[in-house]
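Undergrad: Here the sequence shown stands for residues 676 to 758, where the numbers follow our numbering. Glycine included, each C-beta is placed from N, C-alpha and C at the ideal position. None of the values given here were measured: they were computed from a predicted structure. The structure that follows is given in the form of structure tokens.
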Amino acid sequence: MKTDCAVMRRLAVEEMITKSFLQRNLCWRKTEDAEFIYSAIDPCEGALVIRLNDFPAEPLYTLLCGTVPIESFDHWPPSWQID
Numbered sequence: 676m677k678t679d680c681a682v683m684r685r686l687a688v689e690e691m692i693t694k695s696f697l698q699r700n701l702c703w704r705k706t707e708d709a710e711f712i713y714s715a716i717d718p719c720e721g722a723l724v725i726r727l728n729d730f731p732a733e734p735l736y737t738l739l740c741g742t743v744p745i746e747s748f749d750h751w752p753p754s755w756q757i758d
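Shown next as structure tokens:
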């Protein structure tokens, strides 16, 4: 039972982090890298990058915080802008 609660708490925290990143107002800049195509700085978390995946076999994009994958997605969040 303890293990189930720990797993549920971890999943809840991961969901909170993912939702908060995808709902934040972020301004992305195009990079020169063909794989990591956009970068941004989050005032709370620091460096973020968007990785272009092997679409359609994988979701189009993956958001990474540092080197940690946070969320993969196909549709660009409306609160994100590209400079």
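Can you give the beta carbon distance from D717 to L723, rounded, assuming they're within the 8 Å contact cut?
TA: With 8 Å as the limit, D717 and L723 qualify as a contact, their Cβ atoms being about 6 Å apart.
Undergrad: Among L701, E720, S754, whose alpha-carbon lies nearest the alpha-carbon of T742?
TA: Ranking L701, E720, S754 by Cα distance to T742 puts E720 first.
Undergrad: Can you tell me whether I725 is buried or exposed, with buried defined as 16 or more other CB within 10 angstroms of its CB?
TA: Buried: at least 16 other Cβ atoms inside 10 Å.
Undergrad: Considering only DSSP beta bridges, list what C740 is partnered with.
TA: In DSSP, C740 forms a bridge with L723, V743.
Undergrad: Between which residues of its own chain and S712 is the CB-CB distance below 7 Å, once the five residues before and five after are set aside?
TA: Checking the displayed sequence, the identity of residue 712 turns out to be Ile instead of Ser. Answer for I712: K705, T706, I725, L727, listed in chain order.
Undergrad: Mapping DSSP to helix, strand and coil, what is S714?
TA: S714: strand per DSSP, three-state reduction.
Undergrad: How about P744 and T737: do their beta carbons lie closer than 9 Å?
TA: Cβ distance < 9 Å, so P744 and T737 count as in contact.
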